[in-house]
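Chemist:
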Amino acid sequence: MYDPMFPSTTPRFLIALGVWIEMGSFEKLSRRALGTDTPVMTEIRKLMAELTNPMSLAQGVVHWQPPQNALEKVKELVWDPTISSYGPDEGIPELRQALLKKLREENKLTKSAVMVTAGANQAFVNLVLTLCDAGDSVVMFEPYYFNAYMAFQMTGVTNILVGPGHPETLYPDADWLERTLSETKPTPKVVTVVNPGNPSGTYVPEPLLKRISEICRDAGCWLIVDNTYEYFMYDGLKHSCVEGDHIVNVFSFSKTYGMMGWRLGYIAYSERLEGFASELVKIQDNIPICASIISQRLAIYALEEGAGWVTERVKGLVKNREIVREALEPLGKENVKGGEGAIYMWVKLPDEFRDEFKVVRWLAHRHGVVVIPGRASGSPGHLRISFGGLQEDEMRAAAERLRKGLEELLHSGMVE
Ligand SMILES: Cc1ncc(COP(=O)(O)O)c(C=O)c1O
32 MYDPMFPSTT
42 PRFLIALGVW
52 IEMGSFEKLS
62 RRALGTDTPV
72 MTEIRKLMAE
82 LTNPMSLAQG
92 VVHWQPPQNA
102 LEKVKELVWD
112 PTISSYGPDE
122 GIPELRQALL
132 KKLREENKLT
142 KSAVMVTAGA
152 NQAFVNLVLT
162 LCDAGDSVVM
172 FEPYYFNAYM
182 AFQMTGVTNI
192 LVGPGHPETL
202 YPDADWLERT
212 LSETKPTPKV
222 VTVVNPGNPS
232 GTYVPEPLLK
242 RISEICRDAG
252 CWLIVDNTYE
262 YFMYDGLKHS
272 CVEGDHIVNV
282 FSFSKTYGMM
292 GWRLGYIAYS
302 ERLEGFASEL
312 VKIQDNIPIC
322 ASIISQRLAI
332 YALEEGAGWV
342 TERVKGLVKN
352 REIVREALEP
362 LGKENVKGGE
372 GAIYMWVKLP
382 DEFRDEFKVV
392 RWLAHRHGVV
402 VIPGRASGSP
412 GHLRISFGGL
422 QEDEMRAAAE
432 RLRKGLEELL
442 HSGMVE
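The numbering of the sequence shown is this note's numbering, which starts it at 32 and goes up by one.
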């Protein structure tokens with residue numbers, strides 16, 4: 032019998048028995064949802080569930096928790112009635128004040144207003160719904176961040192132009208962008224870049240970021256920059272932001288302060304933009320209403336610890352990156368890229384392994400190590416390796432599995 036208590040599972044059960052009921056029929060689902068890629072992380076979680084002792088170099092997470100002082104302080108707050116109530120859509124005033132200060136002092140964004148969101152992904156969906164109409168075209172660069180691609184797909188923005196990265200550095204190709212924005216009619220609505228990148232771990236140097244910004248401004252096109260990994264920079268490289276009336280910056284507390292499960296991010300947009308805030312708030316009010324209040328309070332305390340707290344932890348990831356790099360040596364240096372920023376290395380497999388999802392499954396089942404297939408980012412034949420989620424000892428063990436797996440793959444193929 033169909034059980035209204037379990038509306039999503041019961042029809043599937045009936046379908047499995049060959050009882051097709053209209054409620055579950057495929058063609059009644061929206062074309063937007065059907066046309067959206069399956070989230071790669073849910074596929075990876077399914078794969079992990081098939082294994083007995085998997086080690087994950089897959090999900091983009093960090094191994095630390097939020098600052099202890101900050102956690103201690105929020106522990107005291109749970110009985111405060113304001114925690115259980117709604118807050119302002121844009122975020123609680125104390126947090127917004129603290130963020131404006133941080134944006135001014137650290138990111139040199141002096142003319143920005145801020146909206147707090149339930150994570151950077153929700154921030155991005157807010158922006159797509161605010162800036163784009165179904166049928167618009169938009170621009171991303173390969174390899175792209177899969178959730179941003181899906182945010183476009185699920186809102187009907189299906190004309191997604193994917194530009195190339197430089198073959199050596201993977202930097203977004205600004206010449207291609209300039210040509211594409213001038214030749215594509217109507218002009219694409221939004222260009223988006225991630226700095227430093229997911230899945231590549233490459234950063235966008237300041238002169239290139241400025242050039243991309245100018246190309247977008249001259250073409251009359253929005254630029255969304257995702258700065259989720261702003262503090263995750265290595266080898267003395269510096270992350271920078273650009274500001275302007277056509278630019279929106281997205282940030283996240285997830286990786287920086289180890290707050291993935293607290294779901295907190297924010298949008299910085301030009302304070303001079305008329306109407307932008309009131310349109311953005313319509314979307315916000317219909318999705319989270321406001322970001323979780325206790326998460327916002329935790330964020331205030333986390334910001335009190337400051338950027339130094341984060342960069343201290345990021346320094347510890349340099350060793351992890353080295354361990355992963357060593358494990359990838361069998362593939363040859365020329366096939367291993369990225370890792371100047373964020374928590375990712377990006378590798379190209381030999382041409383015969385273009386179906387890299389097969390390799391991912393094989394590595395998982397035979398060698399107990401899990402990585403992300405490149406096709407999720409528009410690049411079959413590639414893998415994304417995350418070096419943020421494990422502490423050094425575990426990272427060594429996972430990397431050893433990866434190295435053994437790659438050596439076997441190269442010498443003997445995907446033997447059973
Ligand atoms: C580039 C990028 N943007 C956004 C997100 C999502 O961040 P949040 O947890 O704040 O939604 C991630 C997480 O992996 C990311 O890598």
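The C-beta atom is built at its ideal place from N, Cα and C for all residues, glycine as well.
A quick note: this is a predicted structure, and the numbers were derived from the prediction, not measured.
Can you check whether the CB of I324 is closer than 8 Å to the CB of K118?
Modeler: Along the sequence shown, one-based indexing puts residue 118 at 87. Along the sequence shown, one-based indexing puts residue 324 at 293. Reading off the sequence shown, one finds Gly at residue 118, where the question assumed Lys. Result yes, Cβ atoms of G118 and I324 sit closer than 8 Å.
Chemist: Tell me, which residues are paired with V256 by DSSP?
Modeler: Mapped onto the sequence shown, residue 256 falls at position 225. Note: V256 sits in a beta bridge opposite V224 and N280.
Chemist: Among all the DSSP beta bridges, which residues are the ones paired with L380?
Modeler: Counting from one through the sequence shown, the residue named residue 380 turns up at place 349. DSSP, once it has assigned bridges, lists no residue as partnering L380.
Chemist: Which residues in the same chain as L102 place their Cβ atom closer than 6 Å to its Cβ, once the five residues preceding and following it in sequence are excluded?
Modeler: Here the question's residue 102 lines up with position 71 in the sequence shown. Taken in chain order, the list of residues that qualify is empty.
Chemist: With respect to 7 Å, is the separation between the Cβ of G251 and the closest non-hydrogen atom of ligand 1 below this value?
Modeler: Locating residue 251 in the sequence shown gives position 220, where the first residue counts as 1. Not under cutoff, so the answer is no.
Chemist: For I191, which of W207, P203, E360 and V170 has the nearest alpha-carbon?
Modeler: Taking the sequence shown and counting its residues from 1, the one referred to as residue 191 is at position 160. It is V170.
Chemist: Is any non-hydrogen atom of ligand 1 found closer than 7 Å to the C-beta of M291, if you look at the structure I gave you?
Modeler: Translated into positions along the sequence shown, residue 291 becomes position 260. Yes; taking the cut-off as 7 Å, the Cβ of M291 has a heavy atom of ligand 1 nearer than that.
Chemist: Between which two residues does the beta strand (DSSP E) harbouring K368 extend?
Modeler: The sequence position of residue 368 within the sequence shown is 337, counting from 1. Segment V367 to G369, the beta strand (DSSP E) holding K368.
Chemist: Going by C-alpha to C-alpha distance, which of P404, R392, V400 and R62 sits closest to K448?
Modeler: Missing from the structure shown is residue 448; the chain here goes from 32 to 447 and no further.
Chemist: Tell me, to the nearest whole angstrom, how far the beta carbon of A358 is from that of T148; I am working on the premise that it is less than 8 Å.
Modeler: Here residue 358 refers to the residue found at position 327 when the sequence shown is read from its first residue. Here residue 148 refers to the residue found at position 117 when the sequence shown is read from its first residue. The Cβ separation is near 36 Å, so there is no contact.
Chemist: Relative to ligand 1, is the shortest distance from any of its heavy atoms to the C-beta of P296 smaller than 7 Å?
Modeler: The sequence position of residue 296 within the sequence shown is 265, counting from 1. A small fix is needed here, since residue 296 is Gly in this sequence, not Pro. Under cutoff, so the answer is yes.
Chemist: May I ask whether a heavy atom of ligand 1 can be found less than 7 Å away from the beta carbon of G196?
Modeler: One-based indexing of the sequence shown puts residue 196 at position 165. Flag unset: Cβ of G196 not near ligand 1.
Chemist: For the stretch 336-421, which segments carrying the beta strand (DSSP E) assignment without a break, of at least 3 residues, lie completely within its bounds, in sequence order?
Modeler: Correct list: 367-369, 375-379 and 413-417.
Chemist: How many Å lie between G370 and P411 at the Cα?
Modeler: Position 339 of the sequence shown, counted from the first residue, corresponds to residue 370. Position 380 of the sequence shown, counted from the first residue, corresponds to residue 411. Spanning the two alpha carbons is a distance of roughly 19 Å.
Chemist: Near F284, which residues of its chain fall below 6 Å by C-beta distance, leaving aside the five closest residues on each side in sequence?
Modeler: Numbered from 1 along the sequence shown, position 253 holds the residue referred to as residue 284. Counting only Cβ-Cβ distances below 6 Å, and skipping sequence neighbours, we find M290, L295 and A330.
Chemist: Are the stretch 343-360 and the stretch 416-429 touching by the rule of at least three beta carbon pairs closer than 8 Å?
Modeler: In short, these stretches touch, since the Cβ pair count reaches three.
Chemist: Return helix, strand or coil for I52, following the three-state DSSP convention.
Modeler: For the purposes of this step, residue 52 is taken as residue 21 along the sequence shown, with counting starting at 1. Since pLDDT at I52 reaches only 44, below the 50 mark, its modelled position is unreliable, and no value is offered.
Chemist: Is V224 closer than 8 Å to F172 when the C-beta atoms are compared?
Modeler: For the purposes of this step, residue 172 is taken as residue 141 along the sequence shown, with counting starting at 1. For the purposes of this step, residue 224 is taken as residue 193 along the sequence shown, with counting starting at 1. It is a contact, given that the beta carbons lie within the stated cut-off.
Chemist: Between which residues of its own chain and E447 is the CB-CB distance below 7 Å, once the five residues before and five after are set aside?
Modeler: Position 416 of the sequence shown, counting from 1, holds the residue named residue 447. Once the five neighbours on either side are set aside, E447 has no close Cβ partner at all.
Chemist: Which residues end up in the neighbourhood of ligand 1 when you take C-beta atoms closer than 5 Å to any of its heavy atoms?
Modeler: Selection output, chain order preserved: G91, G150, A151, N152, Y176, V225, N229, D257, T259, S283, S285 and G296.
Chemist: Where I374 and N229 are concerned, what is the direct C-alpha to C-alpha distance, given to the nearest angstrom?
Modeler: Along the sequence shown, read from residue 1 onward, the residue named residue 374 stands at position 343. Along the sequence shown, read from residue 1 onward, the residue named residue 229 stands at position 198. Taking the straight line from one Cα to the other gives about 8 Å.
Chemist: Taking H413 and V391 to be in contact with their CB atoms under 8 Å, please state how far apart those CB atoms are, rounded to whole angstroms.
Modeler: As a first step, residue 413 must be located in the sequence shown, where it is residue number 382. As a first step, residue 391 must be located in the sequence shown, where it is residue number 360. Incorrect: roughly 11 Å between the Cβ atoms, too far for contact.
Chemist: Determine the closest residue to N366 out of M146, T200 and V188, with distance taken between C-alpha atoms.
Modeler: Walking along the sequence shown from the start, residue 366 turns up at place 335. Closest by alpha carbon: T200.
Chemist: For a minimum of 3 consecutive residues, which ranges assigned as the beta strand (DSSP E) are wholly contained in the stretch 182-246?
Modeler: Correct list: 190-194 and 221-225.
Chemist: Quick one: what's got a C-beta closer than 8 Å to D266's C-beta in the same chain, skipping five residues either side?
Modeler: Along the sequence shown, read from residue 1 onward, the residue named residue 266 stands at position 235. So the list reads E371, once near-sequence residues are dropped.
Chemist: Just the C-alpha distance for I403 and H197, rounded to the nearest angstrom, thanks.
Modeler: Translated into the one-based positions of the sequence shown, residue 403 becomes position 372. Translated into the one-based positions of the sequence shown, residue 197 becomes position 166. Distance between the alpha carbons of I403 and H197: 22 Å.
Chemist: Can the beta-carbon of Y288 be found closer than 8 Å to that of P98?
Modeler: Mapped onto the sequence shown, residue 288 falls at position 257. Mapped onto the sequence shown, residue 98 falls at position 67. In contact: Y288 and P98 (Cβ atoms closer than 8 Å).
Chemist: So S323 is in the beta strand (DSSP E); what residue range does that whole segment cover?
Modeler: Residue numbering aside, residue 323 sits at position 292 when the sequence shown is read from its first letter. Per DSSP, S323 belongs to no beta strand (DSSP E) and is neither H nor E.
Chemist: Could you check what DSSP says for G118 in three-state terms: helix, strand or coil?
Modeler: For the purposes of this step, residue 118 is taken as residue 87 along the sequence shown, with counting starting at 1. In the structure shown, G118 sits in coil (DSSP, three-state: anything other than H, G, I, E or B).
Chemist: Exposed or buried, what is G232 when buried is set at 16 or more other beta-carbons lying within 10 Å of its beta-carbon?
Modeler: To locate residue 232, count along the sequence shown from 1; it is residue 201. So G232 counts as buried.
Chemist: Tell me the DSSP secondary structure of V446 in three-state form.
Modeler: Residue 446 sits at position 415 when you count from the first residue of the sequence shown. Coil, per DSSP.
Chemist: Using DSSP with H/G/I as helix, E/B as strand and the rest coil, what is A299?
Modeler: Reading the sequence shown from its first residue, position 268 is the one you call residue 299. Correct three-state label for A299: strand.
Chemist: Per the DSSP calculation, T481 is bridged to which residue(s)?
Modeler: This structure cannot settle anything about residue 481, because the visible part of the chain is limited to 32 through 447.
Chemist: For Q128, count neighbouring Cβ atoms within 10 angstroms of its own Cβ and tell me buried if that reaches 16, exposed if not.
Modeler: Here the question's residue 128 lines up with position 97 in the sequence shown. That one is exposed.
Chemist: Where does S309 sit, in a helix, a strand or coil, going by DSSP?
Modeler: Residue 309 sits at position 278 when you count from the first residue of the sequence shown. Of the three classes helix, strand and coil, the one that applies to S309 here is helix, per DSSP.
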